[in-house]
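Asks: Chains as they are written, first to last, in UniProt numbering: chain A, 1 to 580; chain B, 1 to 580. Yeah, the Cβ is synthetic: ideal placement off N, Cα and C, and Gly gets one too. Following this message is one structure expressed as structure tokens.
2 protein chains.
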Amino acid sequence: MAAEGSRISILCFFTTLLCFSLQTSEAKVRHYKWEVKYEFKSPDCYRKLVITINGGTPGPTIIAQQNDTVVVDVKNSLGTENLAIHWHGIRQIGSPWADGTEGVTQCPVLPGDTFRYKFVVDRPGTYLYHAHYGMQRESGLYGSIRVSVPTGESEPFAYDYDRSIILNDWYHKTPYEQAAGLSAKPFVWVGEPQSLLIHGKGRFNCSTPGLGLEPATCNNTNPECSPYTMTVVPGKTYRLRIGSLTALSALSFQIDGHNMTVVEADGHYVDPFVVQTLYIYSGETYSVLIRTDQNPTRNYWIATNVVGRNRTTPPGIGVLNYYPNHPKRSPPPINLPSAPIWDDRRPRVEQSRAIRARPGHVHDPPRSSDRVIVTLNTQNEIDGFRRWSVNNVSFNLPHTPYLIGLKHKLLHTFSQIPPPEDYDRARFDVTSRARNSNPNATVGDGVYRLKFGSTVDLILQNGNTMVPNNSETHPWHLHGHDFWVLGYGEGEFDPKRDPKGYNLVDPIMKNTVPVHPYGWTALRFKADNPGVWMFHCHIESHFYMGMGVVFEEGIEMVGDLPAAIGGCGETKGLKLHGKP
Amino acid sequence: MAAEGSRISILCFFTTLLCFSLQTSEAKVRHYKWEVKYEFKSPDCYRKLVITINGGTPGPTIIAQQNDTVVVDVKNSLGTENLAIHWHGIRQIGSPWADGTEGVTQCPVLPGDTFRYKFVVDRPGTYLYHAHYGMQRESGLYGSIRVSVPTGESEPFAYDYDRSIILNDWYHKTPYEQAAGLSAKPFVWVGEPQSLLIHGKGRFNCSTPGLGLEPATCNNTNPECSPYTMTVVPGKTYRLRIGSLTALSALSFQIDGHNMTVVEADGHYVDPFVVQTLYIYSGETYSVLIRTDQNPTRNYWIATNVVGRNRTTPPGIGVLNYYPNHPKRSPPPINLPSAPIWDDRRPRVEQSRAIRARPGHVHDPPRSSDRVIVTLNTQNEIDGFRRWSVNNVSFNLPHTPYLIGLKHKLLHTFSQIPPPEDYDRARFDVTSRARNSNPNATVGDGVYRLKFGSTVDLILQNGNTMVPNNSETHPWHLHGHDFWVLGYGEGEFDPKRDPKGYNLVDPIMKNTVPVHPYGWTALRFKADNPGVWMFHCHIESHFYMGMGVVFEEGIEMVGDLPAAIGGCGETKGLKLHGKP
Numbered sequence: 001m002a003a004e005g006s007r008i009s010i011l012c013f014f015t016t017l018l019c020f021s022l023q024t025s026e027a028k029v030r031h032y033k034w035e036v037k038y039e040f041k042s043p044d045c046y047r048k049l050v051i052t053i054n055g056g057t058p059g060p061t062i063i064a065q066q067n068d069t070v071v072v073d074v075k076n077s078l079g080t081e082n083l084a085i086h087w088h089g090i091r092q093i094g095s096p097w098a099d100g101t102e103g104v105t106q107c108p109v110l111p112g113d114t115f116r117y118k119f120v121v122d123r124p125g126t127y128l129y130h131a132h133y134g135m136q137r138e139s140g141l142y143g144s145i146r147v148s149v150p151t152g153e154s155e156p157f158a159y160d161y162d163r164s165i166i167l168n169d170w171y172h173k174t175p176y177e178q179a180a181g182l183s184a185k186p187f188v189w190v191g192e193p194q195s196l197l198i199h200g201k202g203r204f205n206c207s208t209p210g211l212g213l214e215p216a217t218c219n220n221t222n223p224e225c226s227p228y229t230m231t232v233v234p235g236k237t238y239r240l241r242i243g244s245l246t247a248l249s250a251l252s253f254q255i256d257g258h259n260m261t262v263v264e265a266d267g268h269y270v271d272p273f274v275v276q277t278l279y280i281y282s283g284e285t286y287s288v289l290i291r292t293d294q295n296p297t298r299n300y301w302i303a304t305n306v307v308g309r310n311r312t313t314p315p316g317i318g319v320l321n322y323y324p325n326h327p328k329r330s331p332p333p334i335n336l337p338s339a340p341i342w343d344d345r346r347p348r349v350e351q352s353r354a355i356r357a358r359p360g361h362v363h364d365p366p367r368s369s370d371r372v373i374v375t376l377n378t379q380n381e382i383d384g385f386r387r388w389s390v391n392n393v394s395f396n397l398p399h400t401p402y403l404i405g406l407k408h409k410l411l412h413t414f415s416q417i418p419p420p421e422d423y424d425r426a427r428f429d430v431t432s433r434a435r436n437s438n439p440n441a442t443v444g445d446g447v448y449r450l451k452f453g454s455t456v457d458l459i460l461q462n463g464n465t466m467v468p469n470n471s472e473t474h475p476w477h478l479h480g481h482d483f484w485v486l487g488y489g490e491g492e493f494d495p496k497r498d499p500k501g502y503n504l505v506d507p508i509m510k511n512t513v514p515v516h517p518y519g520w521t522a523l524r525f526k527a528d529n530p531g532v533w534m535f536h537c538h539i540e541s542h543f544y545m546g547m548g549v550v551f552e553e554g555i556e557m558v559g560d561l562p563a564a565i566g567g568c569g570e571t572k573g574l575k576l577h578g579k580p
Numbered sequence: 001m002a003a004e005g006s007r008i009s010i011l012c013f014f015t016t017l018l019c020f021s022l023q024t025s026e027a028k029v030r031h032y033k034w035e036v037k038y039e040f041k042s043p044d045c046y047r048k049l050v051i052t053i054n055g056g057t058p059g060p061t062i063i064a065q066q067n068d069t070v071v072v073d074v075k076n077s078l079g080t081e082n083l084a085i086h087w088h089g090i091r092q093i094g095s096p097w098a099d100g101t102e103g104v105t106q107c108p109v110l111p112g113d114t115f116r117y118k119f120v121v122d123r124p125g126t127y128l129y130h131a132h133y134g135m136q137r138e139s140g141l142y143g144s145i146r147v148s149v150p151t152g153e154s155e156p157f158a159y160d161y162d163r164s165i166i167l168n169d170w171y172h173k174t175p176y177e178q179a180a181g182l183s184a185k186p187f188v189w190v191g192e193p194q195s196l197l198i199h200g201k202g203r204f205n206c207s208t209p210g211l212g213l214e215p216a217t218c219n220n221t222n223p224e225c226s227p228y229t230m231t232v233v234p235g236k237t238y239r240l241r242i243g244s245l246t247a248l249s250a251l252s253f254q255i256d257g258h259n260m261t262v263v264e265a266d267g268h269y270v271d272p273f274v275v276q277t278l279y280i281y282s283g284e285t286y287s288v289l290i291r292t293d294q295n296p297t298r299n300y301w302i303a304t305n306v307v308g309r310n311r312t313t314p315p316g317i318g319v320l321n322y323y324p325n326h327p328k329r330s331p332p333p334i335n336l337p338s339a340p341i342w343d344d345r346r347p348r349v350e351q352s353r354a355i356r357a358r359p360g361h362v363h364d365p366p367r368s369s370d371r372v373i374v375t376l377n378t379q380n381e382i383d384g385f386r387r388w389s390v391n392n393v394s395f396n397l398p399h400t401p402y403l404i405g406l407k408h409k410l411l412h413t414f415s416q417i418p419p420p421e422d423y424d425r426a427r428f429d430v431t432s433r434a435r436n437s438n439p440n441a442t443v444g445d446g447v448y449r450l451k452f453g454s455t456v457d458l459i460l461q462n463g464n465t466m467v468p469n470n471s472e473t474h475p476w477h478l479h480g481h482d483f484w485v486l487g488y489g490e491g492e493f494d495p496k497r498d499p500k501g502y503n504l505v506d507p508i509m510k511n512t513v514p515v516h517p518y519g520w521t522a523l524r525f526k527a528d529n530p531g532v533w534m535f536h537c538h539i540e541s542h543f544y545m546g547m548g549v550v551f552e553e554g555i556e557m558v559g560d561l562p563a564a565i566g567g568c569g570e571t572k573g574l575k576l577h578g579k580p
């Protein structure tokens, strides 16, 4: 029966591939040529070295239609630093080597080399791309992907204009400086960001007392850091595609005087609901519709704030400019939306629960799962180093990428001990508000090997950090798949009781989802995409400190790997035959 | 006759290898394990991220005896940055893949990987090691190599104690920031260094007006930047092995009240001469003898200053501590040696001319050469980018290292057009003091292919830069060889007249030599070391901007290349069979 299931799964996979090829017969190839390098920029008025793509950060927005093939030739001109770019939300069906996850799906791209990423965008929606190598994303290497429905088809909602906005938090220290602190004994935390950026523009106060910043270093009149301004015409409907690629911060997003109707999340249509404040976590995307139906004789504030942390970062501020008002005309100061209470997680949990699939666009989840993996995230100290762990194992990337190691059976390149399926309930009381002081975590690079075609439940379990009475929000991102979001809960997940409350009727599918403080989140996915896939906290420093796991499924079905993904660890001298 | 000469050369080569193996029968293996990472340090009181080896900068001094095998296992823990380490002055006979020149002899070492450098130190003397990748050396990745004569043998001079000192200049900007400026349009020059370091210790004035530095960033009482102190006992002779690894600066070195007798240069014995001021250029090493015969009741200043540039950098200061005076007891301020006049090059040229081989230790140079390559260095602009060129070609490294490209006949990986043997005398008047405004330089990566065993003369020709009435000192370093220094001259080298004045009697052999402003330097070397070898200006930014050339000789005699040097460019998937 199991063997038959497996055969059926393989059949389904190839049938899907076939249908897919048929569907793409009219699809286009979208070819981009990017040069990635370091340049001095002042995104928030403070001049620092950032990583640009073709001279900008954020990089160019990739615009394509469903089933198009996107080809991006990335030239690394970073001098002495490697890179890898992940196409966040793109499942890479049939192209697992193009996922851009350094250490998992490829060796990094060396300076001087040009790497070809080639993949099909098989679903319409709002996606992101960003560096997936150390904490390189924080240097500014990121952008948007906008996939529209094929010509002749239409979305299940109407709008006149389409705009992309990426939210980000911004640090003045380099990822090198931050990493040195995170890896030091004693540990030095990265701290709160200096500013919030709305599509690459923010504002740091150059007159901050005690800093003595020269105008050459920080200049609030620099046009590079003029506020983000979106010009709109009155009486229209705008689709705003909002993504977050913060290094750390959970954010609120508000537009003075304008309601937002949430219609899409991570590439899936949402049963529409209206908010004044949108909460968004790193790695998430939302489409909201706004109607420019307010008093057209003035402009309106756009504001984003840190939530979930006791913020020291000022709001990120932009302007919704009603044409023909002058774009530099400030809205009334009194109308600046006030920030949500930072530690009131109720509205954030409510939003999480409100996101359900749009009627008529529900992907039915399997009724049950073949395997349940409970992942408790904890803060730990290992040999005096501060780490994050999952079920008491803190993740380290091996030096040979898993995709190559598994496909070519270099099984000595990583631990063959699978990570735990659950946490030790005798040792961890996730309902405790006391400091988690477990010192016995270990470092590991083992992999969860999933039966191809099986259904897997992931239960994200949160608890207290190493600070008493503190639990953090973690946005978890799954590569290569969308998952169904079956439910959220408070306290300890009960494997007997809680699954009975799962939403199997209209769960949204997403690729990134928060686990709220002291809570749990239940996800389900089909292990039906041959490859090796990361699942990790999207907070840059948390991932750096070990907060992630790896799944393998159907490795034997993966095609020939392209030579370009090799070159590191034990892949030197390994002949790879595939094409990107 | 030529064929016979070639056969004899090959015979000599293998005989040498054989003798060499016999000689090394008693030699030891010196095994080092290094971890290279970023850490915060305050070498000159200003706290910044530096690259350390096993926690320090400079790194450990390698101490070995002639004919020992040195094995250094280098683990790259730099996160997202590669590395390569060059063993400066070690000829790498039989191990050209261990020269550590990124892009020439190896691909860079990736983060997470451990690379084994294994080579024989076949001559006693004072050598250096340092990063040879982009401008990474400036981050602090460098150290000394001290090779003593075999047990039972003695040097041709006597001394009681042996000490190593590396001089360096120090910038507060990172190499990434500097490189971004050098590569920008318009060009941003790196400027003068913030301080000079004596063996990793310097002093930046933390109260410099206008900087408003917090004590956490800059603290003049930090013990990390206490002055370099060398404790000596009175009445003894000390051998000081002084090396310079400055990014930019030519330096003077003085010890208050103590003459220095120069006895070694770049691993060769010098006919001794006495100086009060030693001039030293980046990449050079000298051994000097000092006698601690001064008033033993006080300490003495050690001072180093920038020469050849209109310095803004304060002197680097250390203390020669006569035991039992307290090491922190300052010498009298009035005794601080005054800096030489920066633009008086007469004493520097005199020192260059004074360096001759010690009688009884002269290596006779060939009486004539088979080929003469004249290399004029010029500043240029190419497409609006500021560059340095050699005979009007500005050097760029290819993406596939030459050693692999040549050995495996991947001849499409670099230009097959050989660089020019001479400069265009009709176009360049090297005696002119006018701005060099030649806009027609090109970028290239062609190679000088040398007949194995042939004798090659290199004539370094200097001229005016792009600033009127300005010519700079460039220290040129040859990998894989020592060269004979046949002569120095003013103005334009005359190929008919000047060779008649060559010193063929007792020329010193060196690996690094300056070409003085508006002058020329004549070198001769035997192309008898199978491999591919860089010859370049040792100023970090000049090399970055194209001031170098590459020589190939006897590539067909190079043994199997180790797999570890591959992984970049077209070496991906190339099976390399050798061992380090």
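1) Is there a Cβ from chain A that is less than 8 Å from the Cβ of Lys-33 (chain B)?
2) Measuring only the C-alpha atoms, how far is Tyr-544 (chain A) from Val-190 (chain A)?
3) Is it the case that the region 466 to 485 of chain A contacts the region 442 to 452 of chain A, given that we only count it when at least three CB pairs across the two stretches are under 8 Å?
4) Is there a C-beta anywhere in chain B that falls below 8 Å from the one on Leu-49 (chain A)?
5) Distance, Cα to Cα, Gly-531 (chain A) vs Thr-455 (chain B)?
6) Under a three-way DSSP split, which group does Phe-115 (chain B) fall into?
7) Quick check: is the beta carbon of His-408 (chain A) nearer than 8 Å to any beta carbon in chain B?
8) Assuming Arg-241 (chain A) contacts Ser-144 (chain A) under a Cβ cut-off of 8 Å, what Cβ separation, rounded to an integer in Å, is found between them?
9) Would you call the CB atoms of Pro-156 (chain B) and Arg-356 (chain B) closer than 8 Å?
10) Asn-299 (chain A) and Val-319 (chain A) look like a contact to me (Cβ under 8 Å); what is the Cβ gap, rounded to whole Å?
11) Can you tell me which of the three DSSP states Ser-454 (chain B) falls into?
12) Are the Cβ atoms of Ile-93 (chain B) and Asp-122 (chain B) separated by less than 8 Å?
13) Just the C-alpha distance for Ser-207 (chain A) and Leu-213 (chain A), rounded to the nearest angstrom, thanks.
14) Among B:Lys-37, B:Val-29, B:Gly-56, B:Arg-146, which one has its Cα closest to the Cα of Trp-87 (chain B)?
15) Is there a Cβ of chain A sitting closer than 8 Å to that of Ser-21 (chain B), yes or no?
16) Please list the partners that Glu-540 (chain A) has in chain B, where partner means a Cβ-to-Cβ separation under 9 Å.
17) Does the region 108 to 122 of chain A come close enough to the region 221 to 241 of chain A that 3 or more CB-CB pairs lie under 8 Å?
18) At the level of alpha carbons, what is the spacing between Asn-469 (chain A) and Ala-522 (chain A)?
19) Does the beta carbon of Gly-283 (chain A) come closer than 8 Å to any beta carbon on chain B?
20) In angstroms with no decimal places, state the Cα-to-Cα distance between Gly-316 (chain B) and Ser-249 (chain B).
21) With a threshold of 16 other CB atoms inside 10 Å of the CB of Gly-573 (chain B), please say whether the residue is buried or exposed.
22) For Thr-229 (chain A), which residues of its own chain have a beta-carbon under 6 Å away from its beta-carbon, when the five flanking residues on both sides are left out?
23) With 8 Å set as the bound, which would you pick, yes or no: does the beta-carbon of Thr-208 (chain A) sit closer than that to a beta-carbon of chain B?
24) Cutting at 7 Å between CB atoms, please list the residues of its own chain near Ile-280 (chain A), excluding the five before and the five after it.
25) With distances taken from CA atoms, which of A:Arg-291, A:Phe-428, A:Met-466 is nearest Asp-160 (chain A)?
26) Quick check: what's the CA-CA separation for Tyr-142 (chain A) versus Tyr-133 (chain A)?
27) Would you report the Cα separation of Ala-64 (chain B) and Val-270 (chain B), rounded to the nearest angstrom?
Replies: So, from the listed chains and residues:
1) no
2) 12 Å
3) no
4) yes
5) 57 Å
6) strand
7) no
8) 7 Å
9) no
10) 5 Å
11) coil
12) yes
13) 7 Å
14) B:Arg-146
15) With a pLDDT of 46 at Ser-21 (chain B), under the threshold of 50, the modelled position of this residue cannot be trusted; read the value that follows with caution. So, not an interface residue.
16) Under the 9 Å cutoff, chain B gives no residues; its nearest Cβ is about 12 Å from Glu-540 (chain A).
17) no
18) 24 Å
19) no
20) 12 Å
21) buried
22) Val-319, Asn-321, Pro-327
23) no
24) Leu-167, Ile-242, Ser-244, Leu-251, Phe-253, Tyr-286
25) A:Arg-291
26) 12 Å
27) 21 Å
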